[in-house]
Amino acid sequence: MNRPHLSLLTVFLIVTFDQMFGQQKDFGKARIVYSTQAMNQVDVKRGIKYHDTPNVSLAFDIYYPPNKDETTLLPAVIFVFGYPDSVIQKNLGVKLKDMGAYSSWCELIASSGVAAIAYETSEPEKNIKEIFNYITANSQKIMINPGRICIWSCSGNVPTALSLLASDLKIKCGVFFYGFMIEPPGNNKASEVAKKVGFVYPELLKNPELLRWDVPTLVVKAGKDNVPNIQPTIDNYISQALAHNSPIQFINYSTGQHAFDILDNNDESREIIKRTIHFIKYHLQ
0 MNRPHLSLLT VFLIVTFDQM FGQQKDFGKA RIVYSTQAMN QVDVKRGIKY HDTPNVSLAF
60 DIYYPPNKDE TTLLPAVIFV FGYPDSVIQK NLGVKLKDMG AYSSWCELIA SSGVAAIAYE
120 TSEPEKNIKE IFNYITANSQ KIMINPGRIC IWSCSGNVPT ALSLLASDLK IKCGVFFYGF
180 MIEPPGNNKA SEVAKKVGFV YPELLKNPEL LRWDVPTLVV KAGKDNVPNI QPTIDNYISQ
240 ALAHNSPIQF INYSTGQHAF DILDNNDESR EIIKRTIHFI KYHLQ
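Taking numbering that gives the first Met the number 0, the leading residue of the sequence shown gets 0, the next gets one more, and so forth.
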């Protein structure tokens, strides 16, 4: 089979050529494998500018639950990104917030009664903090409770999300799917992958003691993940969390592949997605 040349990032995102051409011919549009009727009823407010300068204008979208109470501030899930949009657009032709995976996750979360936020980004570490600052300053305007925030991240985006646990931001819980986490001592392979494919690996992650270990986290590991160097970082994070007696929930999806939530269309994937929604609602409500 003749196949067009794909960049290293594209190969990383779709894991293998066979997945790209056999399962998902347009990875940017692929949606998660679980859906509900209520997802079609969410209210989406798009294009809320949180960073607006002469050189760069960035916005985010909020997915609100159907028939939301206009007098009550809502808990929210923020989908944290570690790639700049320019990298993703070059390879997939779409911004992160507009990928089918994220828009469908946002719809699902909103349909469960929790708001969901996805955003444009050019400088991931800086922009996510700007998002938190905007929510705090404009909570009444956008009807989001800044004290009830969950962060959700996957794959190469996870290091940026994980680094937020070293900040003073009000984070109630975190969800991390098949992502780069904490490198084992003396290992810098994840950092090297980050430089090659364009995601951020914050330097502070090399000192796990800087993180808050009291934040409840849900970690899902894909047992058949063949993206190089991810698995040891997840294993090390789990070990660190247990050593700190952290309130962690861990799911080892032994037959799951990288991006299982869009690639593995089976009951086990759907059950993990449903368990994730339960985890989020439990800790936010």
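Glycine included, each C-beta is placed from N, C-alpha and C at the ideal position.
C-alpha of Val113 to C-alpha of Thr52: approximately 31 Å in a straight line. According to the DSSP assignment, Lys188 belongs to the alpha helix (DSSP H) that extends over 188 to 196.
Ranked by Cα distance from Ser166, the options Ser190, Asp213, Ile143, Ala189 are led by Asp213.
When beta bridges are read from the DSSP output, Cys105 appears opposite no residue. In the DSSP assignment, Val218 forms a beta bridge with Phe175, Phe249.
Here Asn90 is buried: its Cβ has 16 or more other Cβ atoms, across all protein chains shown, within 10 Å. A direct Cα-Cα distance of roughly 25 Å separates Ile233 from Ile108. Bounds of the alpha helix (DSSP H) holding Pro158 are 157 to 162.
A straight-line Cα-Cα distance of about 7 Å links Ile116 and Ala75. One Cα belongs to Lys94, the other to Lys28, and the distance between them is close to 11 Å.
Here DSSP, grouped into helix, strand and coil, assigns Asn132 to helix. In this structure, the alpha-carbon of Ser162 lies about 27 Å from that of Leu262. Boundaries of the alpha helix (DSSP H) around Tyr236: 229 to 242.
Nearest in C-alpha terms to Glu122, of all of Gly197, Glu182, Ser154, is Gly197.
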